[in-house]
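If you read the sequence shown in numbering that gives the first Met the number 0, its first letter stands for residue 0, the second for the next number, and so on.
One structure below.
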Amino acid sequence: MKMSVKAILSTLVFIIASTLNNYAVSKVIVLPLEDEIDARAWQHTRRACDKAIEDNAELFVIRMNTYGGALDAADSIRTSLLRMPVPTVAYIDHNAASAGALIALACDSIFMTPGSSIGAATVVDGQGQPMPDKYQAYMSSIMRSTAEHHGKWIAPGDTLLSWRRDPAIAASMVNPDSVTAFSSSEAVEAGFSDGTVSSLNEMFSRLNIDEPDTETFEPTMTDDIIGFLSNAGVRALLVMLIIGGIYMEMHTPGLGFAAAVALVAACLYFLPMLISGTLPAWIVITLVIGIVLIALEVFVIPGFGVCGIAGIAAVVIALGAAIVPTDSSANGLTLSAIARPIVTVGIGIGAAVALVAWLTSRHGPKFFRRHSELMLTQDIKKGYIGVDMGPAKFVGHKATAMTDMRPAGKILLDGEVYDAVSTGAFIDAGSHVRILRYENAQLYVEPTRLEPETEK
0 MKMSVKAILS TLVFIIASTL NNYAVSKVIV LPLEDEIDAR AWQHTRRACD KAIEDNAELF
60 VIRMNTYGGA LDAADSIRTS LLRMPVPTVA YIDHNAASAG ALIALACDSI FMTPGSSIGA
120 ATVVDGQGQP MPDKYQAYMS SIMRSTAEHH GKWIAPGDTL LSWRRDPAIA ASMVNPDSVT
180 AFSSSEAVEA GFSDGTVSSL NEMFSRLNID EPDTETFEPT MTDDIIGFLS NAGVRALLVM
240 LIIGGIYMEM HTPGLGFAAA VALVAACLYF LPMLISGTLP AWIVITLVIG IVLIALEVFV
300 IPGFGVCGIA GIAAVVIALG AAIVPTDSSA NGLTLSAIAR PIVTVGIGIG AAVALVAWLT
360 SRHGPKFFRR HSELMLTQDI KKGYIGVDMG PAKFVGHKAT AMTDMRPAGK ILLDGEVYDA
420 VSTGAFIDAG SHVRILRYEN AQLYVEPTRL EPETEK
């Protein structure tokens with residue numbers, strides 16, 4: 000049977016495509032999380048997830064060895080992993096404690112190396128002490144909902160449905176009184192680990208992935224900078240500099256230094272959102288309007304009025320809205336989504352008020368006080384004189400008593416007679432006197448032993 004050229008070419012194409020499919024290499028992205036879970040870790044995870052999606056990776060692996068860290072960063076990582084279209088695996092080597100346990104639970108699969116541990120997710124403060132019950136209850140709910148996300152399955156041998164990862168056990172990892180933590184073997188028995196493996200290759204084999212094209216995501220310096228600037232504490236500090244700088248510039252127009260500090264701090268504050276492309280246009284417009292209103296207050300309208308207050312309000316709204324989680328628009332704006340920006344901006348404003356109060360107080364640097372208040376007294380002794388000082392110009396000069404001063408009388412000075420008052424004992428006529436001061440249109444003198452020829 001004869002075959003057409005088109006049929007032959009189609010057959011060859013099918014054979015070649017089938018051969019290539021048999022030798023296709025699976026793309027796997029591996030993200031190391033081996034330090035404290037913080038804003039930098041969240042930025043690294045977000046960029047690694049984006050890369051896995053862009054590269055059409057078959058698997059996204061988190062190689063984990065952490066004792067935990069900040070809950071806000073861990074929750075952001077958890078949310079990102081739960082929404083990943085690419086299958087996710089937590090490879091625990093050797094620790095997944097506290098926030099690390101939450102991240103591991105968010106993954107589709109968990110594998111642990113021998114001797115590894117997972118659990119102990121109690122919320123603690125900076126000194127390692129358990130936080131109040133409301134914090135533990137909230138963390139328990141997060142752990143429970145994360146475990147529930149993976150659903151139920153049919154137990155082997157019957158039709159009984161059971162949780163793939165028991166939510167009650169996940170919640171018990173938070174309880175400060177009876178905290179739960181598993182070794183690698185215990186985690187398998189409890190259903191919180193899919194197996195114990197000695198290496199990534201062994202884990203790939205368990206997942207039926209042969210010789211994958213593995214790429215380890217290495218954070219760049221840009222990632223580190225963005226992560227640092229995304230830290231809540233750093234953001235609060237930048238808010239303090241922005242608000243404090245604006246206030247100082249409004250009260251000391253032309254100073255320049257305060258405005259420069261506010262401008263640099265604003266650039267650093269918005270830099271992470273600009274680079275990631277998560278800064279909405281309306282926030283930029285609000286910020287520009289605030290800056291224009293403040294500029295009008297500084298350069299056009301003297302004092303501190305409606306434009307200044309409205310401008311600062313617009314800037315504060317822009318600062319807070321810029322750090323609201325980007326997924327809030329999709330899921331609805333909730334109290335938890337706006338609580339963190341409110342706290343961050345609020346702390347920054349409070350710190351700005353304290354900073355301005357200190358800078359403009361008598362304990363602050365003279366550089367700022369010199370531009371915000373009158374620092375010197377215009378003393379005559381320092382050369383400050385009026386246009387016409389009158390008799391005040393004779394202070395410090397010597398004269399002769401024309402009459403007895405009991406205590407009032409008259410004095411002779413440079414051929415002119417003036418009324419004067421003795422500040423001490425009575426003075427006889429012809430005595431020599433020194434002019435001490437001029438107050439209330441009156442010269443005050445005291446006796447002196449100098450001879451008349453030495454008088455001024």
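Backbone N, C-alpha and C define an ideal beta-carbon position, used for all residues, glycine too.
Query raised in the report: When you compare only the Cα positions, how much space is there between Leu318 and Ser204?
Result: Whole-angstrom Cα-Cα distance: 48 Å.
Query - Spatial neighbours of Gly310 in its chain, beta-carbon cut-off 6 Å, leaving aside the 5 residues before and after - result: For Gly310, where only same-chain residues beyond five positions count, the Cβ hits under 6 Å are Gly289, Leu292 and Ile293.
**Report entry** Residue range of the alpha helix (DSSP H) that includes Gln135
**Finding:** For Gln135, the enclosing alpha helix (DSSP H) begins and ends at Asp132 to His148.
Query raised in the report: Which stretch, first to last residue, makes up the beta strand (DSSP E) that contains Arg405?
Result: The continuous stretches of beta strand (DSSP E) do not include Arg405, and DSSP gives it neither H nor E.
Report task. Would you give the residue range spanned by the beta strand (DSSP E) that Met63 belongs to? Result -> Segment Leu58 to Thr65, the beta strand (DSSP E) holding Met63.
Requested in this report: For Ile308, count neighbouring C-beta atoms within 10 Å of its own C-beta (all shown protein chains included) and say buried if the count is 16 or more, exposed if not.
Outcome: So Ile308 ends up on the exposed side.
Query raised in the report: Which class does Ser110 belong to by DSSP, given the choice of helix, strand or coil?
Result: The question names Ser, yet the displayed sequence has Phe at residue 110. For Phe110, the three-state secondary structure derived from DSSP is strand.
Report task. Starting from the Cα of Ile52, find the closest Cα among Met130, Ser182, Arg82 and Ala321 and give me that residue. Result -> That would be Arg82, whose Cα lies nearest to the Cα of Ile52.
Query raised in the report: How would you write the range of the alpha helix (DSSP H) that His43 sits in, first residue to last?
Result: Here the alpha helix (DSSP H) through His43 covers Ala38 to Glu53.
**Report entry** Thr213 (DSSP reduced to helix, strand or coil)
**Finding:** Looking at Thr213 - three-state DSSP - the assignment turns out to be strand.
Query - Beta-carbon gap between Ile36 and Ala73 smaller than 7 Å - result: Yes, these two residues count as a Cβ contact at 7 Å.
**Report entry** Straight-line Cα distance separating Glu33 from Leu240
**Finding:** Those two C-alpha atoms are separated by around 33 Å.
Requested in this report: For Val260, collect the residues of the same chain with a Cβ closer than 6 Å to its Cβ; drop the 5 residues on either side in sequence, then sort them by chain order.
Outcome: Excluding residues up to 5 positions away in sequence, Leu240 and Gly244 lie with their Cβ nearer than 6 Å to the Cβ of Val260 in the same chain.
Query - Bridge partners - Asn94, DSSP secondary structure assignment - result: Answer is Ser116.
Requested in this report: Report back the beta-carbon spacing between Leu412 and Thr422 to the nearest angstrom; my notes put them in contact at under 8 Å.
Outcome: No, Leu412 and Thr422 are not in contact; Cβ-Cβ is about 17 Å, not under 8 Å.
Query raised in the report: Touch check for the region 79 to 94 and the region 59 to 70: three-plus C-beta pairs under 8 Å?
Result: Yes: the two stretches touch, three or more of their Cβ pairs being nearer than 8 Å.
Query raised in the report: Beta-carbon separation of Lys26 and Asp193 under 7 Å?
Result: Taking 7 Å as the cut-off, the Cβ atoms of Lys26 and Asp193 do not count as close.
Query - Residue nearest to Ala353 in terms of C-alpha spacing, selected from Asp418, Lys409 and Met247 - result: Considering only alpha carbons, the answer is Met247.
**Report entry** Collapsed DSSP secondary structure at Ser171 in the structure displayed
**Finding:** Ser171: helix per DSSP, three-state reduction.
**Report entry** Candidates Ala47, Ile322 and Ala69, of which the one nearest Leu80 by Cα
**Finding:** Taking each of Ala47, Ile322 and Ala69 in turn and checking the Cα distance to Leu80, the smallest one comes out for Ala47.
Requested in this report: Quick one: residues in its chain with C-beta nearer than 7 Å to the C-beta of Ile120, no 5 flanking neighbours on either side, listed in chain order?
Outcome: As written in the sequence, residue 120 is Ala, which differs from the Ile given in the question. Here Ala120 has Ser97, Ala100, Leu101, Met138, Met142, Met172 and Val173 as same chain residues with Cβ atoms under 7 Å from its own Cβ, once five neighbours each way along the sequence are excluded.
Query raised in the report: Using a threshold of 6 Å, is the CB atom of Gln126 nearer than that to any non-hydrogen atom of the ligand GTP?
Result: Absent from the structure shown: the ligand GTP. Ligands present: none.
**Report entry** Same chain, Cβ closer than 6 Å to Thr402, neighbours up to 5 away in sequence not counted
**Finding:** Contacts found: Gly408, Lys409 and Ala428.
**Report entry** Coarse secondary structure for Arg82, derived from DSSP in three states
**Finding:** Arg82: coil per DSSP, three-state reduction.
**Report entry** Through-space distance from Ile341 to Ala235, alpha-carbon basis
**Finding:** Whole-angstrom Cα-Cα distance: 10 Å.
Requested in this report: List the residues that DSSP assigns as beta-bridge partners of Ser197.
Outcome: Bridge partners of Ser197 according to DSSP: none are assigned.
Query raised in the report: Does Gly194 come within less than 7 Å of chain C when only Cβ atoms are used?
Result: No chain C is part of this structure, which consists of one protein chain only.
Report task. Using 10 angstroms around the beta-carbon of Leu11, count the other beta-carbons present and answer buried if the total reaches 16, otherwise exposed. Result -> Low confidence applies to Leu11: its pLDDT is 46, below 50, so where it sits in the model is not reliable, and the reading given next is rough at best. By the 10 Å Cβ count, Leu11 comes out exposed.
Report task. Please report how far the alpha carbon of Gly414 lies from the alpha carbon of Glu296, in whole angstroms. Result -> Rounded to whole angstroms, Gly414 to Glu296 spans 57 Å at the Cα level.
Requested in this report: Give me whichever residues DSSP pairs with Glu438 in a beta bridge.
Outcome: Gln441.
Requested in this report: Could you spell out where the alpha helix (DSSP H) holding Ser360 opens and where it closes?
Outcome: The continuous stretches of alpha helix (DSSP H) do not include Ser360, and DSSP gives it neither H nor E.
Requested in this report: Would you decide whether Tyr68 is buried or exposed? Buried here means 16 or more other CB atoms lie within 10 Å of its CB.
Outcome: With the sequence shown as reference, residue 68 is identified as Gly, and Tyr is not the correct amino acid for it. Result: buried.
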